[in-house]
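Enquirer: Protein sequence lines, in the order shown, are assigned to chains A and B.
For the first sequence, our numbering gives the first residue as 4, with consecutive numbering after it.
For the second sequence, our numbering gives the first residue as 97, with consecutive numbering after it.
Below you will find the structure I want to go over with you.
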Amino acid sequence: MVYIAIVGKGDVLIYEAKLPGPSSGKVPPENQLQFIVHQALDSLDHKTWSGTSMYLKQVDTFNKMPVSAFVTAGHIKFMLLHSSSLEENAIKQFFYEVYRLYIKVAMNPFYLKNTPITSSAFNDRVRTSARNFFMR
Amino acid sequence: MSLHTKMARLGDSTFSTMEKVNSELLAMTYGALVTTLIKDFQDVKVVNTELEKMGYNIGVRLIDEFLAKTGVTQCRNLKETAHSIAKIGFKMFLGINAEVTWGADARQFSIEFKGNPLIEFVELPEKFKNLDYSNLLCGVIRGALHMVQMVVTTELRKSELKGDPVSEIYVTLKQHLAEKFKGEDD
């Protein structure tokens with residue numbers, strides 16, 4: 004199981020989903036997932052300015068489960084809570100795919116920036132790419 | 097060469113000579129326009145009417161550009177008019193191929209098209225499911241035909257945004273207008 008959260012400006016949660024992916028031992032309960040990811044935001048903010056790349060690799064760890072992150076040019080943060088067995092390359096490609104999907108949502112004139120993403124098409128496509136990249 | 101093939105060729109050649117603008121810019125400008133209208137009027141029905149009115153104002157001016165750039169002569173019947181709009185008009189202004197299907201009687205026809213550049217990236221939220229997003233195009237057709245002495249009503253029957261496979265504009269001819277000239281002996 005892999006958990007993704009998209010956080011916008013002002014630490015507003017825009018999207019979250021539990022995606023198919025390799026499991027490692029203990030999975031945190033549902034209500035803790037958001038907190039874990041938000042906890043990682045501080046180290047994420049710190050790491051954002053340390054380099055030039057959008058993919059920030061691992062920014063935090065919780066109970067041996069790493070949190071990886073990706074920051075877009077507009078400072079929308081994609082965060083992934085996953086097992087340590089997940090390959091970095093798969094995570095990187097997944098993040099870029101989610102980035103492409105996010106851009107399509109952002110271009111919709113009816114979508115207001117920093118509001119929750121309710122598009123079912125987006126949801127379906129994120130789940131499909133998670134299946135493609137994480138279940139190999 | 098059939099008339100329709102000639103029209104399609106004319107549409108293609110005119111399209112290639114037209115000055116072009118970035119389609120994403122067009123789509124985003126139109127999207128901003130529609131969302132601003134919704135914010136101002138709140139009511140979807142009113143927004144539909146406003147889009148049609150704007151389209152009408154565009155159409156009355158666009159017909160001159162159409163006639164100037166293509167040099168087509170007067171259409172002999174409604175069938176030719178329908179095909180001119182679909183094969184030449186839609187191609188040269190939007191870059192898309194449209195088809196004509198004939199309606200219930202000789203005064204009604206529909207123009208079907210796919211790949212409308214205005215709806216690129218758009219996803220209609222549930223609360224606006226009655227919004228005729230491309231209603232501007234209906235107004236353009238009505239305005240343009242009014243300037244060539246035809247009164248029509250147009251309706252956006254099907255829309256790719258609402259889940260249909262194609263978009264469809266249904267045109268009904270109401271009446272032909274006689275050319276009016278101002279009296280010379282006033």
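All C-beta atoms, glycine included, are put in the ideal place defined by N, C-alpha and C.
Can you pull out the residues from the region 192-224 of chain B whose beta carbon lies closer than 9 angstroms to at least one beta carbon of chain A?
Expert: Hits within the stretch, in order: GLU216, PHE217, VAL218, GLU219, LEU220, PRO221, GLU222, PHE224.
Enquirer: What residues from chain B crowd round A:ALA124, counting only those whose CB sits closer than 8 angstroms?
Expert: Mapped onto the first sequence, residue 124 of chain A falls at position 121. Within 8 angstroms Cβ-Cβ: GLU219.
Enquirer: Just the Cα atoms here: how many angstroms apart are A:TYR99 and A:PHE38?
Expert: To locate residue 99 of chain A, count along the first sequence from 1; it is residue 96. To locate residue 38 of chain A, count along the first sequence from 1; it is residue 35. Cα-Cα distance, rounded: 24 angstroms.
Enquirer: For the pair the region 188-200 of chain B and the region 130-148 of chain B, tell me if three or more CB-CB distances fall below 8 angstroms.
Expert: Judged by Cβ distances under 8 angstroms, the region 188-200 of chain B makes no contact with the region 130-148 of chain B, as fewer than three pairs qualify.
Enquirer: Residues in the same chain with beta-carbon distance under 6 angstroms from B:LEU133, minus the five sequence neighbours each way, listed in chain order, please.
Expert: Sequence index remark: in the second sequence, residue 133 of chain B carries index 37 (1-based). VAL143, GLU146.
Enquirer: In chain order, what residues of the region 146-174 of chain B put their CB closer than 8 angstroms to some CB of chain A?
Expert: For the region 146-174 of chain B, which is checked against every Cβ of chain A, not one residue is closer than 8 angstroms.
Enquirer: Give me, in chain order, the residues of the same chain whose beta-carbon lies closer than 6 angstroms to that of A:PHE136; leave out the 5 immediate sequence neighbours on both sides.
Expert: Within the first sequence, the letter at position 133 stands for residue 136 of chain A. Excluding residues within five positions, the ones whose Cβ falls inside 6 angstroms are ALA93, GLN96, PHE97.
Enquirer: Cβ closer than 7 angstroms: which chain A residues qualify as neighbours of B:VAL130?
Expert: The residue labelled residue 130 of chain B in the question sits at position 34 within the second sequence. Here the neighbours are PRO112.
Enquirer: Is the region 253-267 of chain B in contact with the region 224-235 of chain B, if contact means three or more CB pairs nearer than 8 angstroms?
Expert: In short, these stretches touch, since the Cβ pair count reaches three.
Enquirer: Could you check whether the Cβ of B:GLY239 sits closer than 8 angstroms to any Cβ belonging to chain A?
Expert: Position 143 of the second sequence holds residue 239 of chain B. So, not an interface residue.
Enquirer: Do three or more CB pairs link the region 234-249 of chain B to the region 264-278 of chain B at distances below 8 angstroms?
Expert: Result yes; three or more Cβ-Cβ pairs closer than 8 angstroms.
Enquirer: Quick one: what's got a C-beta closer than 8 angstroms to B:LYS187's C-beta in the same chain, skipping five residues either side?
Expert: Here residue 187 of chain B corresponds to residue number 91 of the second sequence, with the count starting at 1. Correct list, in chain order: ALA104, GLY107, ASP108, THR110, PHE111, ASN193, ALA194.
Enquirer: Classify A:ASN112: buried if its beta carbon has 16 or more other beta carbons within 10 angstroms, exposed otherwise.
Expert: Position 109 of the first sequence, counted from the start, is the residue given in the question as residue 112 of chain A. According to the sequence as given, residue 112 of chain A is Pro; it is not Asn. Looking at its Cβ environment, which holds 16 or more other Cβ atoms inside 10 Å, A:PRO112 is buried.
Enquirer: In chain order, what residues of the same chain have a beta carbon less than 7 angstroms from the beta carbon of B:HIS100, not counting five sequence neighbours either side?
Expert: As a working note, residue 100 of chain B is residue 4 in the second sequence. So the list reads HIS179, LYS183, once near-sequence residues are dropped.
Enquirer: Under 7 angstroms Cβ-Cβ, which residues of chain A neighbour B:GLY127?
Expert: As a position in the second sequence, residue 127 of chain B is number 31, starting the count at 1. The contacting residues are PRO112.
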